[in-house]
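Worksheet: the structure to be examined is printed underneath.
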Amino acid sequence: MKNKINQAHANIDQNAQKLTEVSHKIWGYAELSLKEHLSAKALMDILQAEGFAIESNLCGMETAFLGSFGQGRPIIGILGEFDALAGLSQKATSIKKEPLVPGGNGHGCGHNMLGAGSLGAAIAVKEYLKNSGKEGTVIYYGCPGEESVGSKSYFARDKVWENLDAALTWHPSCVNEVQGWSSLSCIQHIYTFHGTSSHAAAAPEKGRSALDAVELMNIGIQFLREHMPDTARIHYAIIDTGGESPNVVQPQASVVYMVRDHQVHEALQLQKRVDAIAQGAALMTGTKVSIQFKDALSNTVLNDTLSKVMNDCLQGLEPIQYTEDEIDFAKSLIASLEHPPTGTPGTLSKHFPDIKKWVEEVSDSGKMPLNTFYMPYKQISYVMPGSTDVGDVSWQTPTAQANIVCYPAHTPGHSWQIVSCGASSIGDKGMIQAAKLLASTAITLFEKPELLAKAKKEFDQTLKGKYVCPVPEDAVPKPVN
Ligand SMILES: [Zn+2]
């Protein structure tokens, strides 16, 4: 098996230039959620040239696609993303905030690398299937709009992931690790209140204020916060106050609510209470409320068996070597941070003494700004205080995901520093390393079906038949910007 994995790694090295080019291309396109037409085409063109069967326009999303190769089972899915973020345009390899296009978009979450790295893995696995004559299928899933739509949740609504034997993915990061924890479920709705406009002084009795309704809803939620589980969070933003004139009773106003909890079914229950408060606010103010679904992501459920397989593959990879120039670049990026690193490790790092030591070292001396070692894998009860649509995949098939270094320590998510690294040799090296990790994990699963059976058994015992999709049947995925 080692030989087959080495061949896959050699294939990825041979394709490194092509993968780097497509990563940089997508970085340059910097297309927002569900508008990633050029990025999706760039990935599909390569898949097609490599002999994958393409299906596009999936689950009602023009930029969602898949590339499939092979026959029969097992079927292993490799997930790719490629959407950018608004307002984060930034020149590559720059150590200061310097937009490439003023006001433009940028890959502040590194999804250009995510899409290209997963592509490299899918191609290497395809070569393995072709050369070995093994029965089995590899499918690259082009998942658009991770940032504000959550396309994988729509895939889940259509039961796409149920067809897989396993799903593998990764994310650019400042640490090398296989994730041993969960993420929060998150559900967003927009509440728009419809009232009646009138002169606030001359005819106040004729007015029904939508802004009053928003305020009363916010107060109601404040009281709800005392009576919800400790694990839950409710955030909001008023997105339409109804106008700037105090002397006009506001006829329409909108507020967006984000409901989070550890488990998706808990978040859905809490969501119903938020809806009821909105109805109450409408009743109190004589307005009407319309509730519009925005997006919904389930919590991630770890598959320990699959994550251990991925971790064994990670530990077997040659660590990335960095040049002096790359280390200097990384140090300069850390120096550019608005809030200098304090060396105080976060919640997660208390579980991992290695990273605690390293984070402190970077902060104190700036000695080695890039994580070159591998974190040990550990299943912990920690829930990352964020959300990802990989969560919905993990409810439908055994799923494992890794973080691979593509930028220096302390780099905040969704920052210009990540955009700067996204088309640099540091990002390129991380993207190639991730391709190797996903490819070796998939090949291990094809070679050792007993591992897949064990992962499946674990999944069946904990999750089978328990998934409640948080995306309503009638919700339509659409761009938000
Ligand atoms: Zn991301």
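Residue numbers (the numbering used here): 142 to 622.
The C-beta atom is built at its ideal place from N, Cα and C for all residues, glycine as well.
Treat the numbers as computed from the prediction; the structure is a model and nothing was measured.
Q.
For Lys182, tell me which candidate among Asn144, Leu409, Asn156 and Cys284 has the shortest Cα-Cα distance.
A. Lys182 has its Cα closest to that of Cys284, out of Asn144, Leu409, Asn156 and Cys284.
Q: Assign Arg366 to one of two classes, buried (16 or more other C-beta atoms within 10 Å of its C-beta) or exposed (fewer than that).
A: Under this definition Arg366 is an exposed residue.
(Q) Can you look up Cys327 in the DSSP assignment and give me helix, strand or coil? (A) In the three-state reduction of the DSSP assignment, Cys327 falls in the strand class.
Q. Closer than 6 Å from C-beta to any heavy atom of ligand 1: which residues, in chain order?
A. Those residues whose C-beta sits under 6 Å from the nearest heavy atom of ligand 1 are, from N- to C-terminal order along the chain, Cys250, His252, Glu287 and His312.
**Q.** Delimiting residues of the beta strand (DSSP E) encompassing Asn544
**A.** Unbroken beta strand (DSSP E) run through Asn544: Thr540 to Val546.
Q.
Once DSSP output is grouped into helix, strand and coil, what is the label at Trp302?
A. For Trp302, the secondary structure class from DSSP, reduced to helix, strand or coil, is helix.
Q: Determine the direct distance from the alpha carbon of Gly208 to that of Gln189, and round the result to whole angstroms.
A: If you take the alpha carbons of Gln189 and Gly208, they lie about 8 Å apart.
Q) What is the C-beta distance between Arg298 and Val612, in whole angstroms, given that I count them as a contact (C-beta under 8 Å)? A) About 5 Å separates the two Cβ atoms, so the contact holds.
Q. Can the beta-carbon of Gln456 be found less than 8 Å from the beta-carbon of Tyr515?
A. Tyr515 sits close to Gln456, with the two beta carbons spaced by under 8 Å.
(Q) Using a 10 Å radius around the Cβ and a threshold of 16 neighbouring Cβ atoms, would you call Gln412 buried or exposed? (A) Counting the other Cβ atoms within 10 Å of the Cβ of Gln412 gives 16 or more, which makes it buried.
Q | Span separating the alpha-carbon of Ala580 from that of Ala265 | A | Each residue's alpha carbon lies about 6 Å from the other.
Q: Use the C-beta contact count for Pro387: other C-beta atoms within 10 angstroms, 16 or more gives buried, fewer gives exposed.
A: Counting Cβ neighbours within 10 Å, Pro387 comes out exposed, since fewer than 16 surround it.
Q. Thinking C-beta only, is Val524 closer than 8 Å to Ser174?
A. The answer is no: Cβ separation not under 8 Å.
Q) How long is the line joining the alpha carbons of Ser439 and Ser294, rounded to whole angstroms? A) Each residue's Cα considered, the two are about 8 Å apart.
**Q.** Span of the beta strand (DSSP E) around Thr310
**A.** That run of the beta strand (DSSP E) goes Ala307 to Ser314.
Q: May I ask you to list the residues that DSSP assigns as paired with Gln433?
A: Per DSSP, Ile331.
(Q) Quick check: the segment 234–242 against the segment 303–313, are at least 3 beta-carbon pairs closer than 8 Å? (A) Because the criterion of three Cβ pairs below 8 Å is not met, the segment 303–313 and the segment 234–242 do not touch.
Q. Terminal residues of the continuous beta strand (DSSP E) containing Tyr281?
A. From DSSP, the beta strand (DSSP E) with Tyr281 extends over Gly277 to Gly283.
**Q.** Touch test, the segment 154–171 against the segment 247–266, Cβ-Cβ under 8 Å, three pairs minimum
**A.** The segment 154–171 and the segment 247–266 touch, with no fewer than 3 CB-CB distances between them shorter than 8 Å.
Q | Per-residue DSSP class, three states only, for Tyr398 | A | Reduced to three states, the DSSP call for Tyr398 is strand.
Q: With a 10 Å radius around its C-beta and 16 neighbouring C-beta atoms as the bar for buried, classify Val609 as buried or exposed.
A: Exposed, because fewer than 16 other Cβ atoms sit within 10 Å of the Cβ of Val609.
(Q) For Arg374, report the span of its beta strand (DSSP E) as first-last. (A) Here the beta strand (DSSP E) through Arg374 covers Arg374 to Asp381.
Q) Closest by CA to Gly629, which one among Leu226, Ser323 and Ile236? A) Past the boundaries of the shown model lies residue 629; the chain is included only from 142 to 622, so the question cannot be answered.
Q: Find out if the Cβ-Cβ distance for the pair Lys429, Ala423 is shorter than 8 Å.
A: Going by beta carbons, Lys429 and Ala423 fall inside the 8 Å limit.
Q. Does the Cβ of Glu501 lie closer than 7 Å to at least one heavy atom of ligand 2?
A. In the structure on display, ligand 2 does not appear, and the ligands it does have are ligand 1.
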